[in-house]
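Asker: Before we start, here is the structure in question, set down as C-alpha cells.
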Amino acid sequence: GIQVEQSPPDLILQEGANSTLRCNFSDSVNNLQWFHQNPWGQLINLFYIPSGTKQNGRLSATTVATERYSLLYISSSQTTDSGVYFCAADTDKLIFGTGTRLQVFP
Amino acid sequence: DSGVTQTPKHLITATGQRVTLRCSPRSGDLSVYWYQQSLDQGLQFLIQYYNGEERAKGNILERFSAQQFPDLHSELNLSSLELGDSALYFCASSLDPTGDYGYTFGSGTRLTVV
C-alpha cells in the first residue's frame, strides 16, 4: 500500500519563528490533507490540497502531485500552534503519516 | 463542534471486557470511517461503511466489529480487550464513498484498558 512519510519528526521553535513541514507519499493519490492534532487530541482539518498552493492566515500548504510531496508552512509561530501535524494521503480512505510534533515556546 | 459526535469521550475498562463506541456522522454524510491512534502504530484506518454497507476494511482485528445503522450512526465493538487496545479511536464522516468532498473527524473516544 501507499507509504506516507513526514519530516522532521520533532520540531522545537521559539514564538515568532517560521517552519516548513514535509510530507512525501509513495504513489499517486486522489488528494492530500493536512491536520493539526491539538494537545487535547482533537484532529482539525487544515488544508485539503491535491495540488497547488493554498493559504489560510499564517499557514499555507503546497502540494506537487507529480513529485509526490506536500509542504506545510507555518509563519510567525505561536504557542497555540503546538501539537502534532499530520498529512494524510487520500486513496478513498485516508492514510496518515507518522506526524511532526511541534513545540512552540514563548 | 465538527458535526461528528462520538460517545463516550473516555472509557476505562478491564482486560477481557467488551465495549461499544458510538459515532453519529455529520448531517447529510453517508460514509463513516473508524481510525485507531495508538502510540506504537500511529493513526490507522480500521473500517468504512457507506449507507449501511461495509465498503472498505483496513487493519481491523477479528476481535473488533462495526456496523452502520439505518439512521447512519455507527458503532465499533471491541471485545476480549487487551492492554494493547488502549488508544484513541476516531470516527470520521464524508458525504460520498470516496471522500471527494472531504472528511470530518469527531473528537475521539479515549479507551484505556487496565
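From first to last, the protein sequence lines stand for chains A and B.
Per this note's numbering, numbering through the first sequence is continuous, rising by one, with the last residue being 173.
Per this note's numbering, numbering through the second sequence is continuous, rising by one, with the last residue being 100.
C-beta: ideal position from N, C-alpha, C; glycine also.
(1) With a threshold of 7 Å between beta carbons, is B:Ala42 in contact with chain A?
(2) Are B:Thr95 and B:Leu7 touching if we call contact CB-CB under 7 Å?
(3) Between the Cα of B:Gln27 and those of A:Phe172, A:Ile162 and A:Gln170, spot the shortest distance and give me the residue it belongs to.
(4) So B:Gln34 contacts chain A; which residues on that side make the cut at Cβ distance below 9 Å?
(5) Could you spell out where the beta strand (DSSP E) holding A:Trp101 opens and where it closes?
(6) A:Ala156 by DSSP, collapsed to three states: which one?
(7) Cα-Cα, which of A:Gln170, A:Thr87, A:Ser118 and A:Pro76 is closest to A:Ser149?
(8) So, is B:Val100 buried or exposed, given that buried needs 16 or more other C-beta atoms within 10 angstroms?
(9) Using a Cβ-Cβ cut-off of 6 Å (strictly less than) and excluding sequence neighbours within five positions of B:Gln3, which residues of its own chain qualify?
(10) Between which two residues does the beta strand (DSSP E) containing A:Asn123 stretch?
(11) Based on Cα-Cα distance, which residue from A:Leu99, A:Val151 and A:Asn105 lies nearest to A:Ile69?
(12) Using a 10 Å radius around the Cβ and a threshold of 16 neighbouring Cβ atoms, would you call A:Leu110 buried or exposed?
(13) Give every residue of the same chain whose Cβ lies closer than 6 Å to the Cβ of A:Arg222, excluding the five residues on either side of it in the sequence, and list them in chain order.
Answerer: Well, looking at it:
(1) Residue numbering aside, residue 42 of chain B sits at position 56 when the second sequence is read from its first letter. B:Ala42 counts as touching chain A.
(2) To locate residue 95 of chain B, count along the second sequence from 1; it is residue 109. To locate residue 7 of chain B, count along the second sequence from 1; it is residue 21. It is a contact, given that the beta carbons lie within the stated cut-off.
(3) By one-based count along the second sequence, residue 27 of chain B stands at place 41. Closest option to B:Gln27, Cα to Cα, is A:Ile162.
(4) Residue mapping note: residue 34 of chain B aligns to position 48 of the second sequence, counting from 1. B:Gln34 reaches chain A at Asp159 and Lys160, counting residues in chain order whose Cβ is nearer than 9 Å.
(5) As a working note, residue 101 of chain A is residue 34 in the first sequence. Asn98 to Gln104 is the span of the beta strand (DSSP E), which, as asked, contains A:Trp101.
(6) Translated into positions along the first sequence, residue 156 of chain A becomes position 89. The three-state secondary structure of A:Ala156, taken from DSSP, is strand.
(7) Taking the first residue of the first sequence as 1, we reach residue 149 of chain A at position 82. Ranking A:Gln170, A:Thr87, A:Ser118 and A:Pro76 by Cα distance to A:Ser149 puts A:Gln170 first.
(8) In the second sequence, residue 100 of chain B corresponds to position 114, counting from 1. Burial call: exposed.
(9) In the second sequence, the residue the question calls residue 3 of chain B occupies position 17. Around B:Gln3: Leu67.
(10) Looking up residue 123 of chain A in the first sequence gives position 56. DSSP places A:Asn123 in the uninterrupted beta strand (DSSP E) bounded by Gly119 to Asn123.
(11) Your numbering for residue 69 of chain A matches position 2 in the first sequence. Closest option to A:Ile69, Cα to Cα, is A:Leu99.
(12) Here residue 110 of chain A corresponds to residue number 43 of the first sequence, with the count starting at 1. Buried, since its Cβ has 16 or more Cβ neighbours within 10 Å.
(13) With chain A represented from 68 up to 173, any question about residue 222 of chain A goes unanswered, as that position is not in the structure.
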